[in-house]
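Numbering (the numbering used here), first residue to last: 493 to 625.
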């Protein structure tokens, strides 16, 4: 079983969210309440669900977006991936972990920019995760 990070769902709420290095602050489309989701929160939720594969929390940006923004987003997504890996390693080691063998897949970004996609894939592959999307 594979679980998604929730990133796409959050980023689909474009007018209701604010992105920072820490994660994403957004308003519920149901009741307007403020919700925060970052890499650690995403990994905690997926860890609690006990899936076999957890997807990394990433920024899913709209197409088209300016090259400079996409480049910054790729860099932020990489930093979030490093945090996802550390968090999931910690959660898997906890007593009572639902699935201590849960693995993390990284997500390549770069939208339509071939050079950014290649550079980002090279960088995330250095983390030697068991899979990538």
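Beta carbons: idealized from backbone N, C-alpha and C, even for Gly.
- Short of 8 Å from the beta carbon of residue 498, and not among the five residues preceding or following it, lie these beta carbons of its own chain, in chain order: 529, 534, 537, 549.
- With respect to the C-alpha of residue 612, the residue from 512, 505, 558, 571 having the closest C-alpha is 571.
- Shortest Cα-Cα distance from residue 602 to any of 616, 589, 527 involves 616.
- When the beta-carbon positions are compared, residue 502 and residue 543 stay at least 8 Å from each other.
- Segment contact: the region 590–604 against the region 544–563, three or more CB-CB distances shorter than 8 Å; contact assigned.
- Here residue 500 carries a helix assignment [DSSP, helix/strand/coil].
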